[in-house]
Amino acid sequence: MAEHGKLDIERYFGGEAGEKSAVLVREHCRTCASCAAYLAKLESDRAAFLLRRPFAAFARGRGAALKDAWYRRMLQSIMRPALVPAFATVLLALVALPIVRPYLEGRRAAVGAIAYKGDQTLSFVYQRNGTFMPGNPADTFIAGDRIQVLYAAPSAGHIALFSIDGSGAVSFYQPDARAEYCTVPTAAGADLAFPSSIVLDSAHGQELVIAMFSPRPVAAAVITDWAARCAGRHTGPRDIRTSLRKGDICRDCAATTLLLNKR
Amino acid sequence: MIPDARHAELKEAYERYASMVHARCRSILGSEDEAWDATQEVFIKLAKSLPGIRKKESLYSWLISAGTHYCISQLRKRRSVELDEQIHGADSGDAEQERRLALKRIISGLLLPWGRKVREVVVYAYVYGYRQDEIAQLTGMGGSTVRKYLTKFKRGSQGSKERIEEELNG
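First to last, the protein sequences are chains A and B. Position 174 of the first sequence, counting from 1, maps to 174 under the numbering used here, and the rest follow consecutively. Here the numbering used here runs 1000 ahead of the position in the second sequence, where the first position is 1.
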């Protein structure tokens, strides 16, 4: 065993020796009695051991503990190289979402503020000569038409419905004309009917109907003050509509409008 | 049961190496049953580690290392009372058994105060009988490191030779 130590023979015996090394060990064992005897001992030990402790004995004994838990089997089945890009995408989304979410929400709020000005969230039906008809902003209305405004509220709060005509006059439509506040409470939802309707007067020209949403009640004076400021800055209802921004009328207030043509 | 994917690979490794692992474990633990327990633990560990073992051609080194560390940890756990009971309860007529138990006591007493790497090198050299270059191959350490650890152990265990001889010769 001088040239070849125990380790060489054990590796040869275990099948780990390279081709060249295996040839050398084999050759050496032909001439070296002690190495040949060691190799023979390893072989006989293995045969005796496997007779006494076959693999089945191990698999039935402690090896039985190797049964994989359900979650590990599931992980093994889904952890495939082909799915790595998908996992990476999900991981990226999980990491990136909390970072970009405030930005996205800010964008959505901004978009929401613009949407308030559109007609999509403020629709109406009107009654003329006892007949109800779906409202179309492109229609022309006449004095005496009764208009029922339908609105969508993004959240529960308060709503005020008022209009500004070509002369700058402001009309409020809250059910209780004597109330300090011109707003009424509203629930969140779509196609909500304002509790009172608008009856058009005989004044010609355009009339801008504004539904203003607020988280708190708003006094009529706030709106009349705003309308007074508008009178100096804008040329008419269309101009007011175009320049209306969220928070213009009062803090935290948003408005959606309906521009009606009268004759 | 063992998962199918690893079953064949594990069976092959078991049939090829289990007898050698068992022999190594027996040389440290001194008991056939404890060596069988250790062998099983080593192959359970192997089954769990197989997917991560890159150099399958050096599985023997891995197994010997795992077996050695496991056996030393067992010695650490079962030191004291259990060990004494086994020694005193051993059949005095079985010289080989007595020799093994004495060796186990020596290993426990001399080896455990040392660090993991020193212990491994010392067991490879003095219990398994490997040469320094073979230990370097098995552990992946440099030859000088192996020498350093063995020297360190010898210096730190001054007087142990006499104790070992005393133990072995009764």
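Virtual Cβ for every residue (Gly too), placed ideally from N, Cα, C. Nothing here was measured: the structure is a model prediction, and the numbers come from that model.
Inter-residue spacing [alpha-carbon to alpha-carbon] between residue i and residue j
i: A1095(B); j: V1021(B); result: 23 Å
i: V111(A); j: V170(A); result: Reliability of the predicted coordinates at V111(A) is poor, the pLDDT of 44 falling under 50, and the value obtained from them is presented with this limitation in mind. Distance between the alpha carbons of V111(A) and V170(A) is about 28 Å.
i: R263(A); j: D139(A); result: 11 Å
i: H204(A); j: A143(A); result: 9 Å
i: H1069(B); j: Y12(A); result: 24 Å
i: V149(A); j: I164(A); result: 15 Å
i: Y1014(B); j: F49(A); result: 11 Å
i: D248(A); j: A231(A); result: 14 Å
i: C265(A); j: V218(A); result: Any question about residue 265(A) goes unanswered here, given that chain A covers just 1 to 263.
i: R228(A); j: R101(A); result: The question names Arg, but residue 228(A) in the sequence shown is Ala. Distance between the alpha carbons of A228(A) and R101(A): 39 Å.
i: L39(A); j: G1156(B); result: 36 Å
i: Y126(A); j: D145(A); result: 7 Å
i: E10(A); j: D45(A); result: 12 Å
i: D225(A); j: M133(A); result: 34 Å
i: C250(A); j: V222(A); result: 7 Å
i: Y116(A); j: A96(A); result: Because the pLDDT of Y116(A) is 41, which lies under 50, any placement of that residue in the model is unreliable, and the question is left without a value.
i: A1023(B); j: P85(A); result: 47 Å
i: G236(A); j: R245(A); result: 16 Å
i: K1055(B); j: V1122(B); result: 25 Å
i: S1019(B); j: P54(A); result: 10 Å
i: K6(A); j: A47(A); result: 19 Å
i: L1029(B); j: A1035(B); result: 6 Å
i: R238(A); j: F194(A); result: 23 Å
i: T89(A); j: S243(A); result: 42 Å
DSSP state of residue i mapped onto helix, strand, coil
i: Q206(A); result: strand
i: M133(A); result: strand
i: A169(A); result: coil
i: T183(A); result: coil
i: I240(A); result: helix
i: G1142(B); result: coil
i: I147(A); result: strand
i: A115(A); result: Its pLDDT being 41, under 50, A115(A) is placed unreliably by the model, and the measurement read from it follows with that caveat. Looking at A115(A) - three-state DSSP - the assignment turns out to be helix.
i: A177(A); result: coil
i: A1090(B); result: Low confidence applies to A1090(B): its pLDDT is 48, below 50, so where it sits in the model is not reliable, and the reading given next is rough at best. Coil, per DSSP.
i: V218(A); result: coil
i: I1135(B); result: helix
i: Y1149(B); result: helix
i: I198(A); result: strand
i: S155(A); result: coil
i: T31(A); result: helix
i: T224(A); result: helix
i: A17(A); result: coil
i: R11(A); result: helix
i: I99(A); result: helix
i: Y1017(B); result: helix
i: A56(A); result: helix
i: S44(A); result: helix
i: G1129(B); result: coil
i: R80(A); result: coil
i: R128(A); result: strand
Chain A contact residues for residue i, given Cβ-Cβ distances below 7 Å
i: E1057(B); result: E16
i: L1138(B); result: L7
i: K1011(B); result: F55
i: E1015(B); result: L50, F55
When the options are compared against residue i, the one with the closest alpha-carbon
i: R1026(B); options: Y1017(B), A1038(B), S1049(B), K1055(B); result: A1038(B)
i: W1062(B); options: A1035(B), K1077(B), L1075(B), V1042(B); result: V1042(B)
i: D8(A); options: S1157(B), S1144(B), R1131(B), Y1149(B); result: R1131(B)
i: A153(A); options: A219(A), R146(A), P215(A), V100(A); result: P215(A)
i: Q1040(B); options: A1136(B), A1066(B), M1141(B); result: A1066(B)
i: H234(A); options: N261(A), S202(A), G168(A); result: G168(A)
i: G166(A); options: I147(A), D201(A), A211(A); result: D201(A)
i: T1139(B); options: D1033(B), K1148(B), E1120(B); result: E1120(B)
i: N129(A); options: A156(A), R62(A), E43(A), V199(A); result: V199(A)
i: S196(A); options: A188(A), T183(A), S34(A); result: T183(A)
i: G14(A); options: A37(A), L42(A), V23(A); result: L42(A)
i: V209(A); options: S155(A), A193(A), I147(A); result: I147(A)
i: H158(A); options: N136(A), G189(A), V90(A); result: G189(A)
i: A17(A); options: L1150(B), Q1137(B), T1145(B); result: Q1137(B)
i: H1007(B); options: K1048(B), T1151(B), E1098(B); result: K1048(B)
Contact list for residue i against chain B, beta-carbon separation under 9 Å
i: K6(A); result: Y1128, G1129, Y1130, R1131, E1134
i: F87(A); result: Correct list: empty, because the minimum Cβ distance to chain B is about 18 Å.
Neighbouring residues, chain B, relative to residue i (Cβ below 7 Å)
i: F49(A); result: A1018, S1019, H1022
i: R46(A); result: S1019
Listed by chain order, chain A residues near residue i by CB distance under 8 Å
i: W1036(B); result: R53
i: Y1070(B); result: None at all; the shortest Cβ gap to chain A is about 12 Å.
i: Y1060(B); result: E10, R11, G14, E16
i: Q1040(B); result: F58, G61, R62, G63
Proximal chain B residues relative to residue i, where beta-carbon distance stays under 8 Å
i: L42(A); result: S1019, M1020
Cβ of residue i within 9 Å of any chain D Cβ
i: S1144(B); result: You won't find chain D in this structure, because its protein chains are A and B.
**Contiguous alpha helix (DSSP H) assignments of at least 4 residues, all confined to the segment 1021-1084 of chain B** = 1032-1049, 1059-1078, all fully within the segment 1021-1084 of chain B.
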